[in-house]
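S.K.: Input: one structure, supplied below.
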């Protein structure tokens, strides 16, 4: 059977592919430490699970509005008003989706078409580029560097935007680099975007996972005009350890939200009903658990960066948010292992999986093949053991 040609434009998710390889090795009895999964290793807080159980007991198992139950949309708007200083209309400007990834898919497909351009800073999360290509758009990658802290500069953005630019992607804190844009940096981005025709997709899913006194600022909060030009994406997976619950949301101008609602009505329809009620408990319930989680992430963050920087051929910047480290591994290129010379980050990833039994994601999927991504959303013991394994494996290279 011949598949649709559009599938040739859509590669498998590299993060999920590496997770699958790690799971396969574990099934063979091998002790694999996974730095690949972008999900908290903490359990969903009890009051959230209890809300889901209560919803099931109360028979809240039927269809809802495609865009989500109104009490959840109201809770989203209240939370965003409190934490980001932004006000949205819950009946018209919010749509709840089956996870943040569906929100990205829906948004790019209602906004982009043939002839449109989307500006994406690299490195960035693996889904944006392939989904944009699937929607028919031309992807304009803006390559960032360690020198700029993996943030695009105003000069780079100004050069990248053209009359055909429909959307600029902003992810702060960023997956995979952990960079966080300051208020002043966002103001300079807004100064460039506003005179153009472009909208901004602001992915703020890691906004509560910050270190070293960093402040999360939504670009939509800078001005009323910028709010009208911003589509804000967020969800429950990272802040509340709810990756498997599949619950995300989008806030923005009513016509865009309406279009996303229409598209979703022809795919999944509503997000899982009892998960939506749990989402209300997450937003309106206690958040004291977060302080402890972030403190533990911080401990792991420092251990990973210190450990990697002690390995010859590797170097890593200290991330300011999220739970990833994005070390440069190009210092290993050309060195020889049992399977031949290492040519790129894919080879590094495979070598570490086979010879250190550590699963890391090659940077090529994030837009820069000189790096790999490690998630420290795993136990401190795994961090300690994994770094030692990586050190030993790299030491065996010729």
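In full-length UniProt numbering, the protein residues as written are 1 to 398. Just so you know, even glycine gets a beta-carbon here, dropped at the ideal spot from N, CA and C. Owing to the predicted nature of the structure, the values given are computational and were not obtained by experimental measurement.
1. Which residues does DSSP list as the beta-bridge partners of residue 249?
2. Out of 27, 169, 364 and 207, which has the shortest C-alpha to C-alpha gap to residue 119?
3. Can you give the Cα-Cα distance for residue 117 and residue 11, rounded to whole angstroms?
4. Please decide whether residue 248 counts as near chain B, where near means a Cβ-Cβ distance under 7 Å.
5. For residue 337, which residues does DSSP report across the bridge?
6. Given a cut-off of 7 Å on the beta-carbon distance, is the pair residue 95 and residue 250 in contact?
7. In terms of residue numbering, what span does the alpha helix (DSSP H) encompassing residue 132 cover?
8. Do the region 13 to 29 and the region 266 to 276 meet, that is, are 3 or more Cβ pairs less than 8 Å apart?
9. Checking the sheet assignment: what are the DSSP bridge partners for residue 117?
10. Buried or exposed for residue 27, going by 16 or more other Cβ atoms inside 10 Å?
11. Quick check: the Cα distance between residue 326 and residue 282, rounded to an integer number of angstroms?
12. For residue 306, tell me which candidate among 339, 376 and 258 has the shortest Cα-Cα distance.
13. Report the three-state DSSP secondary structure of residue 242 (helix, strand or coil).
14. Can you tell which of 317, 358, 365 and 363 has the C-alpha that lies nearest to the C-alpha of residue 147?
15. How about the region 249 to 266 and the region 87 to 105: do they share at least three Cβ pairs that are nearer than 8 Å?
16. Would you tell me roughly how many angstroms separate the C-alpha atoms of residue 240 and residue 45, rounded to the nearest one?
17. Just checking my contact of residue 204 with residue 232 at CB under 8 Å: how many whole Å lie between their CB atoms?
18. In angstroms with no decimal places, state the Cα-to-Cα distance between residue 236 and residue 48.
19. Might you give, ordered along the chain, the residues of its own chain that have their beta carbon closer than 7 Å to the beta carbon of residue 400, omitting 5 neighbours on each side?
20. Taking the alpha-carbon of residue 394 as reference, which of 354, 324 and 246 has the nearest alpha-carbon?
21. Taking all protein chains shown into account, decide if residue 199 is buried (16 or more other Cβ within 10 angstroms of its Cβ) or exposed.
M.R.: Based on what the coordinates show:
1. The partner list for residue 249 (beta bridge, DSSP) reads 96 and 234.
2. Checking every option, the nearest Cα to that of residue 119 belongs to 169.
3. Here the alpha carbons of residue 11 and residue 117 stand approximately 20 Å from one another.
4. Included in the structure is just one protein chain, with no chain B present.
5. 340, per the DSSP bridge assignment.
6. Yes.
7. According to the DSSP assignment, residue 132 belongs to the alpha helix (DSSP H) that extends over 128 to 134.
8. Segments in contact, no.
9. Beta-bridge pairing links residue 117 to 138 and 165.
10. Exposed, by the Cβ-count rule.
11. Those two C-alpha atoms are separated by around 30 Å.
12. The residue with the shortest Cα to Cα distance from residue 306 is 376.
13. Residue 242 falls in the coil class under three-state DSSP.
14. Of the listed residues, the one whose Cα sits closest to residue 147 is 317.
15. The answer is yes - the region 87 to 105 touches the region 249 to 266, with three or more Cβ pairs under 8 Å.
16. Here the alpha carbon of residue 240 sits roughly 7 Å from the alpha carbon of residue 45.
17. Correct: roughly 6 Å between the Cβ atoms.
18. Roughly 11 Å separates the two Cα atoms.
19. A query on residue 400 cannot be resolved here, the shown segment of the chain reaching from 1 to 398 and no further.
20. The option with the nearest alpha carbon to residue 394 is 354.
21. Label assigned to residue 199: buried.
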